[in-house]
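Report on one structure; see the data block that follows.
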Amino acid sequence: MNNQLTEITVVRRQSAPRLEFEAAAIYEYPEHLRPFLSEAPALPGVYIFHSESDTLPLYIGKSVNIRSRVLSHLRTPDEAAMLRQARRISWICTAGEMGALLLEARLIKEQQPLFNKRLRRNRQLCSLQLSEQKIEVVSARSVDFSHEPNLFGLFANRRAALQSLQNLADEQKLCYGLLGLEPVSRGRACFRFALKRCAGACCGQETPQAHFLRLQASLERLRVVCWPWKGAIALKESRPQMTQFHIINNWLWLGAVPSLDEAATLVRTPAGFDQDGYKILCKPLMSGQYEIIELHMDCRQS
Numbered sequence: 001m002n003n004q005l006t007e008i009t010v011v012r013r014q015s016a017p018r019l020e021f022e023a024a025a026i027y028e029y030p031e032h033l034r035p036f037l038s039e040a041p042a043l044p045g046v047y048i049f050h051s052e053s054d055t056l057p058l059y060i061g062k063s064v065n066i067r068s069r070v071l072s073h074l075r076t077p078d079e080a081a082m083l084r085q086a087r088r089i090s091w092i093c094t095a096g097e098m099g100a101l102l103l104e105a106r107l108i109k110e111q112q113p114l115f116n117k118r119l120r121r122n123r124q125l126c127s128l129q130l131s132e133q134k135i136e137v138v139s140a141r142s143v144d145f146s147h148e149p150n151l152f153g154l155f156a157n158r159r160a161a162l163q164s165l166q167n168l169a170d171e172q173k174l175c176y177g178l179l180g181l182e183p184v185s186r187g188r189a190c191f192r193f194a195l196k197r198c199a200g201a202c203c204g205q206e207t208p209q210a211h212f213l214r215l216q217a218s219l220e221r222l223r224v225v226c227w228p229w230k231g232a233i234a235l236k237e238s239r240p241q242m243t244q245f246h247i248i249n250n251w252l253w254l255g256a257v258p259s260l261d262e263a264a265t266l267v268r269t270p271a272g273f274d275q276d277g278y279k280i281l282c283k284p285l286m287s288g289q290y291e292i293i294e295l296h297m298d299c300r301q302s
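Quick note on numbering: the sequence shown equals residues 1 to 302 in the numbering used here.
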């Protein structure tokens with residue numbers, strides 16, 4: 001056996017400087033947009049990346065610090081591609097984060113920017129309604145979700161509502177038959193009971209009342225909050241040098257005014273339930289973190 005040691009030379013390959021250079025080039029702000037960066041305010045609001053066509057924005061975003069957020073748009077290849085297409089940047093300052101959230105949602109829905117997730121009025125919006133120990137799917141076209149009690153969850157369509165109910169039944173061992181998800185023969189156990197996936201409300205192992213109470217408790221986290229005021233309200237939001245009163249009715253943001261004297265120009269009764277407004281406004285309004293002023297005015301129907 002040859003005991004001579006063989007010298008092994010390990011050659012470490014250097015990282016490719018060309019690739020690093022190319023990556024740096026991709027994530028560098030385009031020269032033609034840099035003048036806008038120096039002017040962007042370090043204030044809350046909405047910013048818009050415009051293409052050559054002013055009628056179709058590329059992207060609409062919001063932040064509590066517009067300048068910082070605009071500068072951060074270099075994180076992904078998609079963002080770099082968007083910046084290369086952009087020709088200018090504009091912004092609208094607000095009194096705070098709430099105003100920025102509300103304005104962003106409205107502008108995205110109205111202008112449908114190319115790089116934003118599309119927000120549209122959902123004409124198939126559904127919810128689960130619990131009444132008289134039964135549950136059913138109801139549509140926002142037939143029920144006023146702002147005022148109807150005992151609604152649970154907001155779903156894109158009937159199928160999504162039923163799927164959510166089925167998932168809940170699986171988690172809590174509720175009976176598909178009693179929930180109307182499948183036919184059931186009176187007094188006979190359902191198939192899921194044999195698999196120990198149903199607690200037995202279908203065959204007397206659990207009372208219908210106990211089943212209903214378990215259903216009710218499991219739905220509570222999805223409860224849709226009814227609009228708690230008699231009419232429109234103003235939500236006050238302020239920062240140094242700017243105050244806005246956000247006019248809201250039935251979870252719909254109607255706009256913002258600098259003083260309550262101008263609130264009457266916006267007050268109206270919304271024609272339908274606004275899902276995006278509800279998601280943005282419900283928790284902050286119910287938490288009591290903002291000053292709320294009830295507006296006792298006649299509302300125009302929109």
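Glycine included, C-beta positions come from ideal geometry on N, C-alpha and C. Quick caveat: nothing in here was measured; it's all calculated off a predicted structure.
Closer than 6 Å by C-beta to residue i: which residues in its own chain qualify, once you throw out the five before and the five after it? Chain order, please.
| i | result |
| --- | --- |
| A24 | The predicted model places A24 with a pLDDT of 44, which falls under 50 and marks its position as unreliable; any figure quoted below should be read in that light. Cβ neighbours of A24 beyond the five flanking positions: none. |
| A140 | L125 and F273 |
| V70 | A40 and Y47 |
| E182 | Y176 |
| M98 | E237 |
| C282 | V225 |
| L114 | L58 |
| E22 | At E22 the pLDDT is 42, less than 50, meaning the model places this residue with poor confidence; the figure from the coordinates comes in the next sentence. Closer than 6 Å at Cβ, skipping near neighbours: no residue. |
| L107 | I60 |
| D54 | none |
If I'm right that residue i touches residue j with Cβ under 8 Å, what's the distance once you round it to whole angstroms?
| i | j | result |
| --- | --- | --- |
| L260 | A234 | 6 Å |
| A105 | I292 | So it is not a contact: roughly 20 Å between Cβ atoms. |
| A95 | T243 | 6 Å |
| F193 | C202 | 6 Å |
| L33 | L83 | 7 Å |
| S164 | G153 | 6 Å |
| V64 | P44 | 5 Å |
| R221 | Q172 | At roughly 12 Å, the Cβ-Cβ gap does not stay under 8 Å, so R221 and Q172 are not in contact. |
Would you mind reading off the limits of the beta strand (DSSP E) that contains residue i?
| i | result |
| --- | --- |
| A234 | I233 to R239 |
| L252 | L252 to V257 |
| T243 | M242 to N249 |
| S139 | K134 to S139 |
| S127 | C126 to S131 |
| E294 | E291 to E294 |
Whose CA, out of the options, lies closest to the CA of residue i?
| i | options | result |
| --- | --- | --- |
| S51 | L43, A264, V64 and I60 | I60 |
| Y47 | H73, K173 and P228 | H73 |
| A217 | N250, N150 and M98 | N150 |
| Q209 | V143, L174, S142 and E237 | L174 |
| L219 | G45, S131 and P240 | S131 |
| A271 | A169, V225 and W253 | W253 |
| C198 | Y278, A169, T207 and V184 | A169 |
| R223 | I92, Y278 and N157 | Y278 |
| I248 | N116, P240, S68 and L266 | L266 |
| I66 | R123, D54 and S38 | S38 |
| R186 | L195, K196 and G204 | G204 |
| E31 | A42, S68 and A80 | A80 |
| S90 | R239, R159 and F49 | F49 |
| P240 | K196, E262, N167 and C93 | C93 |
| R188 | Y29, E206 and L215 | E206 |
| Y29 | D54, L103 and R87 | R87 |
If I measure Cβ to Cβ from residue i and keep anything under 7 Å in the same chain, skipping five residues before and after, which residues do I get?
| i | result |
| --- | --- |
| Q85 | S51 and L58 |
| W227 | S146, H147, N250 and W251 |
| P284 | M98 and Y290 |
| R75 | none |
| W229 | E294 |
| G255 | I247 and L266 |
| R12 | For R12, the pLDDT reaches just 44, beneath the cut-off of 50, and the residue's location in the model is therefore unreliable, although a value from the coordinates is still provided. Around R12: no qualifying Cβ. |
| Q166 | L181 |
| L56 | L114 |
| N157 | Q124 and C126 |
| L195 | none |
| N116 | Y59, I60 and I108 |
How far does the alpha helix (DSSP H) with residue i in it reach, from first residue to last?
| i | result |
| --- | --- |
| K279 | Q275 to S287 |
Keeping to the same chain, check which residues put their C-beta closer than 8 Å to that of residue i; ignore five residues upstream and five downstream.
| i | result |
| --- | --- |
| G180 | K134, I135 and E136 |
| V184 | C175, Y176, G177, L178, C190 and C202 |
| L101 | K62 and I280 |
| A161 | C126, S127, L128, V137, G153 and F155 |
| S68 | A42 |
| S287 | none |
Using a Cβ-Cβ cut-off of 7 Å, state whether residue i counts as contacting chain C.
| i | result |
| --- | --- |
| N65 | Here there is only one protein chain, and chain C is not present. |
With respect to 6 Å, is the separation between the Cβ of residue i and the closest non-hydrogen atom of the ligand PLP below this value?
| i | result |
| --- | --- |
| M242 | For the structure depicted, the ligand PLP is absent and the ligand set is empty, with no information on it obtainable. |
My parser needs the beta strand (DSSP E) runs of 3 or more residues fully inside the region 144-230; what are they? Segments of the beta strand (DSSP E) lying fully in the region 144-230: 151-155.
Secondary structure, beta strand (DSSP E): runs of 3+ residues fully inside the region 36-85: Fully contained in the region 36-85 are the following beta strand (DSSP E) runs of length 3 or more, in chain order: 45-50 and 57-63.
Those runs of the alpha helix (DSSP H) which lie wholly inside the region 84-115 and span at least 4 residues: Taking only runs of at least 4 residues, the alpha helix (DSSP H) segments lying wholly in the region 84-115 are 97-111.
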